[in-house]
Amino acid sequence: MAKRTCLLLAALAAGCAGAPEAPSVIEKNDAIDDYIQVAELKEIDAIRSFDQLSHKVVTEKYIIISDRRNNYLAAFARSCKELNKHEITPDIRHESNTLRARFDTIRGCQIRSLYEIGAGQAQELMKLGETQGE
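Counting from 19, one number per residue, gives the positions in the sequence shown under the numbering used here.
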């Protein structure tokens with residue numbers, strides 16, 4: 019019995035060693051940081067919109083915010099684990115039609131910076147945030 023267990027564990031270890039490893043969250047965030055620098059994304063102070071804003075999670079540190087016409091990349095001051103929780107922390111906004119970097123929050127997480135991005139850039143950033151095999 020012990021010999022069979024050892025053989026099974028050895029086979030599992032060998033199988034896992036050959037599997038491609040998904041990029042870590044840190045590697046994804048570093049790739050997005052590099053993308054911001056290389057693409058020279060324009061940093062903005064605020065998003066002003068009379069449309070309802072929606073967001074897509076790229077990583078726990080980055081989201082893409084969209085209204086009907088524009089896309090924006092938002093970077094949080096810390097990892098925002100609250101993005102994936104069902105309990106919603108209210109947003110803090112000082113003006114109802116404006117979302118400001120360094121002052122306002124999404125799901126309780128402070129927005130460190132905002133960048134204007136195009137639709138193609140939004141798709142590229144979403145791909146950077148995906149794990150291999152998804």
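Glycine included, every Cβ here is placed at the ideal spot set by N, Cα and C.
Reduced DSSP category for Val75 - H, G, I as helix; E, B as strand; rest coil: strand
DSSP beta-bridge partners for Ile44? Ile44 is not bridged to any residue.
My understanding is that Leu132 touches Glu58, with C-beta atoms under 8 angstroms, so please give their C-beta distance in whole angstroms. In fact, because the Cβ distance is near 15 angstroms, the residues do not count as touching under 8 angstroms.
Would you say Lys99 and Glu78 are within 9 angstroms of each other, going by their C-beta atoms? yes
Rounded to whole angstroms, what is the Cα-Cα separation between Ala92 and Leu117? 10 angstroms
If we call anything under 9 angstroms between Cβ atoms a contact, is Ala146 one with Lys74? According to the sequence as given, residue 146 is Leu; it is not Ala. Against a cut-off of 9 angstroms, the Cβ pair of Lys74 and Leu146 comes out as no contact.
State the DSSP-derived secondary structure class of Leu143, mapped to helix, strand or coil. helix
Which residue or residues does DSSP assign as beta-bridge partners of Cys127? Ile124
Which of helix, strand or coil does DSSP assign to Gly110? Inspection of the sequence shows that residue 110 is occupied by Ile rather than by Gly. Reduced to three states, the DSSP call for Ile110 is coil.
Report yes or no: is there a C-beta of chain B within less than 9 angstroms of the C-beta of Glu148? Looking for chain B here will not work: only one protein chain is present.
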